[in-house]
Every structure is written in structure tokens, then in C-alpha cells.
Amino acid sequence: MAPRLLGKVLAHRTAAGVLAGRIVEVEAYQGPHSDPPDPAAHAYRGPTPRNRVLFGPAGHAYVYSIYGRYFCMNISCEAEGRAGCILLRALEPLTGVKQMARNRGLAMGAAIDAKLGRLLTSGPSRLCQAMGITRAAHNGINLLDQASPLQVQDDGYTVGEVLVTPRIGIHEAVDRPLRFALRGNPCVSGAKSFR
DNA sequence: AGGCCGATCCTCT
DNA sequence: GAGGATCGGCCTA
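Positions in the first sequence are counted from 1; adding 325 to them yields the numbering used here.
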């Protein structure tokens, strides 16, 4: 599912207008049923009040808070009772760029060069901030329902070469090739060698 | 009831 | 490249 999500669009209808970005970097985290088990995953020890969305149906948002100040967003990917998911790590801004800059607290003029574009949505918590995604408002939301304010959409974009690397920022199962990104896309997080 | 720590980001050197 | 912010959630007792 992770590489298949690359190139899709995440769209959020807000009071300030539509915010949308293309998914350019993701990571896969596996449920407790996986073989081998995935100790880096939130679902590794089974369901808890925090991660219960992951054990529900596929296509729903799992939004959690981290370090007391940020959010990260995942998409549940398996049938009920299982808990695999995809973490969104970077977007390429498409719509509502000015509002994204405001959400990120960046003073941004009309010009959107590659460097500023990266600052908006290259990172799992940066993209939540730019898109206005919070646990209170969006955890558990159905991303595949046209009626949802937050959705994943397919605009027909054709994906090029996919870069596969280990996952970032974890301490367990550090070597598995479960991070996927559009190779060469400037909005992918991390150093140049990871793009 | 208490302690520990994180799928991060920003600032400063 | 290193260190601090900051708090909800999970584990242990």
C-alpha cells in the first residue's frame, strides 16, 4: 500500500479554503499480526485507547500527538482486527499554499521557491501543521468518503521512480526497507542523499 | 500514583 | 551536529 499511496492527493476542506498536497514520501508500519513483528509500530503491543483506529477498517486517519507539541498522520490499511498503516512523511503543496504558510507561522510572500516549499510540508509534523490536521478534529475520519473534510484523492498523476530506504527516526527494526519516496522530488524530507 | 519517553522541529554553534 | 521544548500515553509498582 505504501508505494501505491505515492502520488495521491491529500485534500482538506477548511473554513479558510481548500488545502491540498501530493503525497511524495511515506513509511509503512505493520500490525501485531505481521511476520516478522514490527516493534517500531504503535500497534506492536496490541490495541490501546490511542491507537484503536488502526484496528478498525482501512482508509481511516490515525492522528497522534508527539513530543507534546506536534501531530503525525497515518492511514489505516488493513481489515478490521489487523493494524498495518502508512505514515505520511511529506507532501508537495498544491492548493492553498499561502494558508499553509500561515498555518506554519512562516512569513511568505507571493514567491514560492523550492526552498520555502520544503519548509511547508517536508516532514510528518510539518505537513500536519500546514494542512491544519489535529488529533481532536481528524483522528478516525474516513479518508475515502467524499463527504469527509479530509480525503485522499487520485487526480491521475503518474508516479516516476520510487526511492526505497529504511524508516527515519525509529530505534527498533531500523534496517527494513519500508520508507518510500518519489526520487528527486524536492519536498521529500531529509538530506539530499535521501531524496 | 509516578516516571519515562517519543514515527519531531527549531535554534544555535 | 547537538540540545531543548513539552505533554499525552503507556508501563510499573
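Note that beta-carbon positions come from the ideal geometry of N, C-alpha and C, so glycine has one too.
Alpha carbon to alpha carbon, what distance is there between residue 377 and residue 394?
21 Å
Closer than 8 Å is the cut-off here; do at least three beta carbon pairs connect the region 342-353 with the region 417-432?
yes
Run the CB neighbour count on residue 385, radius 10 Å, all protein chains shown included, and call it buried at 16 or more, exposed below.
Counting Cβ neighbours within 10 Å, residue 385 comes out buried, since at least 16 surround it.
In whole angstroms, what is the alpha-carbon distance linking residue 491 and residue 472?
35 Å
Please check the pair residue 335 and residue 477, which I expect to be a contact at CB under 8 Å, by giving their CB distance rounded to whole angstroms.
6 Å
Apply the 10 Å Cβ neighbour rule to residue 391 and answer buried if 16 or more other Cβ atoms are within range, or exposed otherwise.
exposed
Taking only the alpha-carbon atoms, compute the straight-line gap between residue 403 and residue 516 and give it to the nearest angstrom.
31 Å
With DSSP as the reference, identify every bridge partner of residue 346, one or two as the case may be.
335 and 418
Which residue or residues does DSSP assign as beta-bridge partners of residue 408?
Answer is none; residue 408 lacks a bridge partner.
Delimiting residues of the beta strand (DSSP E) encompassing residue 398:
395-401
Residues bridged to residue 468 (per DSSP):
According to DSSP, residue 468 bridges with nothing at all.
Within its chain, find whatever has a CB closer than 7 Å to the CB of residue 358; leave out the 5 residues flanking it on each side and keep chain order.
407
Whose C-beta lies closer than 7 Å to the C-beta of residue 412 among residues of the same chain, with five residues either side of it excluded?
351, 352, 354, 397, 399 and 449
In chain order, what residues of the same chain have a beta carbon less than 8 Å from the beta carbon of residue 479, not counting five sequence neighbours either side?
333 and 334
How would you call residue 497, buried or exposed, if buried means at least 16 neighbouring beta carbons within 10 angstroms?
exposed
Looking at the unbroken beta strand (DSSP E) that takes in residue 478, where does it start and where does it end?
475-478
What residues in its chain sit with their C-beta under 6 Å from that of residue 327, if we drop five residues either side in the sequence?
351, 353, 411 and 505
Just the Cα atoms here: how many angstroms apart are residue 475 and residue 514?
22 Å
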